[in-house]
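So the structure is just underneath, and the comments pick up after that.
In structure tokens form, the structure reads like this:
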């Protein structure tokens with residue numbers, strides 16, 4: 004694993020950028036260019052234990068890929084709870100890192116669930132932007148120790164990992180834009196959107212029942228899922244499949 008430690012010199016920066024593309028190329032051999040491939044490449048290159056990527060769709064994030072199952076769970080948690088470093092980085096348009104103490108203070112519910120459901124104890128989130136500066140996604144980095152900020156050079160990540168990751172993720176998403184037929188969409192995107200489909204259906208069911216905004220309906224679903232100890236996806240699946248009723252969410 005190549006460590007990005009402060010302060011890197013010019014030759015290290017060049018090596019870091021080149022190593023990123025080389026690592027992505029090697030990871031692509033089995034499945035092509037996907038968000039999970041990018042997540043694994045970043046994890047291999049940086050001093051982190053896992054990584055994940057999500058894109059931003061209005062009031063709801065869409066997890067696109069992750070380096071392993073624990074990172075996939077961590078990505079789902081941010082969507083379920085509506086809080087976490089990814090959302091903060093997207094709003095601020097700058098990378099944020101939170102060691103355990105700060106994470107539990109800034110996002111207490113997310114911090115509690117993350118430490119309960121995954122081995123991760125500190126996180127960082129890197130906003131991914133278009134050339135115009137619009138944030139369209141985020142790269143999340145996870146560590147199993149409590150002090151990721153002590154070993155991750157955020158300036159180097161911002162300057163030499165964020166831009167190429169943004170460009171390559173845009174290439175992944177270009178395979179989706181303008182595609183109308185489901186069978187023409189890449190498999191990784193079908194898997195990602197399948198998880199979100201029931202969330203949107205359940206949200207729509209609640210909007211129709213209460214005549215409220217999508218944001219308020221989503222907040223109600225999130226609160227009920229948290230109370231049940233399940234994810235937003237799991238609650239939505241139960242509602243859409245008839246295993247639970249709207250009366251349980253909205254008495």
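Numbering (the numbering used here), first residue to last: 4 to 254.
Ideal placement from N, C-alpha and C gives every residue a C-beta, glycine not left out.
Counting only runs of 3+ residues fully inside the segment 39 to 66, write out the beta strand (DSSP E) ranges in chain order.
-> 53 to 60
Report the residue from 137, 210, 242 and 89 whose alpha carbon sits nearest the alpha carbon of residue 145.
-> In the chain shown, counting from the first residue as 1, residue 145 sits at position 142. The candidate whose alpha carbon is nearest that of residue 145 is 89.
Boundaries (first-last residue) of the beta strand (DSSP E) holding residue 300 = Only positions 4 to 254 of the chain appear in the structure, and residue 300 is not among them; the question remains open.
Spatial distance of residue 220 from residue 19 (CA atoms) = As a first step, residue 220 is located in the chain shown; it is residue number 217 there, counting from the start. As a first step, residue 19 is located in the chain shown; it is residue number 16 there, counting from the start. Whole-angstrom Cα-Cα distance: 44 Å.
Check whether the Cβ atoms of residue 149 and residue 52 sit closer than 8 Å, and answer yes or no.
-> Residue mapping note: residue 149 aligns to position 146 of the chain shown, counting from 1. Residue mapping note: residue 52 aligns to position 49 of the chain shown, counting from 1. Going by C-beta atoms, residue 149 is not nearer than 8 Å to residue 52.
Note the first and the last residue of the continuous beta strand (DSSP E) segment covering residue 107.
-> Counted from its first residue, the chain shown places residue 107 at position 104. Careful: residue 107 lies outside any beta strand (DSSP E), inside the alpha helix (DSSP H) at 103 to 109.
When DSSP builds the beta bridges, which residues end up paired with residue 99?
-> Working through the chain shown from its first residue, we reach residue 99 at position 96. Per DSSP, 128.
Which value, in whole angstroms, describes the spacing of the CA atoms of residue 252 and residue 26?
-> By one-based count along the chain shown, residue 252 stands at place 249. By one-based count along the chain shown, residue 26 stands at place 23. Straight-line Cα distance between these residues: approximately 46 Å.
Which class does residue 155 belong to by DSSP, given the choice of helix, strand or coil?
-> Walking along the chain shown from the start, residue 155 turns up at place 152. It is coil, neither helix nor strand.
Cβ-based neighbour list, residue 227, same chain, cut-off 8 Å, excluding 5 preceding and 5 following | In the chain shown, counting from the first residue as 1, residue 227 sits at position 224. Cβ within range, chain order: 238, 251 and 252.
What is the rounded straight-line gap between the Cα of residue 249 and the Cα of residue 198?
-> Along the chain shown, read from residue 1 onward, the residue named residue 249 stands at position 246. Along the chain shown, read from residue 1 onward, the residue named residue 198 stands at position 195. Rounded to whole angstroms, residue 249 to residue 198 spans 20 Å at the Cα level.
Report the three-state DSSP secondary structure of residue 13 (helix, strand or coil).
-> Indexing the chain shown from 1 puts residue 13 at position 10. Any reading at residue 13 must be qualified, since the residue scores a pLDDT of 39, below 50, and its modelled position is unreliable; the value itself is stated next. Helix, per DSSP.
As assigned by DSSP and simplified to three states, the class of residue 68 | Translated into positions along the chain shown, residue 68 becomes position 65. Strand, per DSSP.
Please name the residue, chosen from 242, 67, 42 and 169, that lies closest to residue 203 on a Cα-to-Cα basis.
-> Taking the first residue of the chain shown as 1, we reach residue 203 at position 200. Checking every option, the nearest Cα to that of residue 203 belongs to 242.
According to the Cβ coordinates, are residue 41 and residue 56 closer than 8 Å?
-> Numbered from 1 along the chain shown, position 38 holds the residue referred to as residue 41. Numbered from 1 along the chain shown, position 53 holds the residue referred to as residue 56. In this structure, residue 56 lies closer than 8 Å to residue 41 by Cβ.
Do the segment 92 to 112 and the segment 32 to 49 make contact, defined as three or more Cβ pairs closer than 8 Å?
-> no
What span of residues does the alpha helix (DSSP H) with residue 190 cover, start to end?
-> Within the chain shown, residue 190 is the residue found at index 187, counting from 1. 190 to 213 is the extent of the alpha helix (DSSP H) around residue 190.
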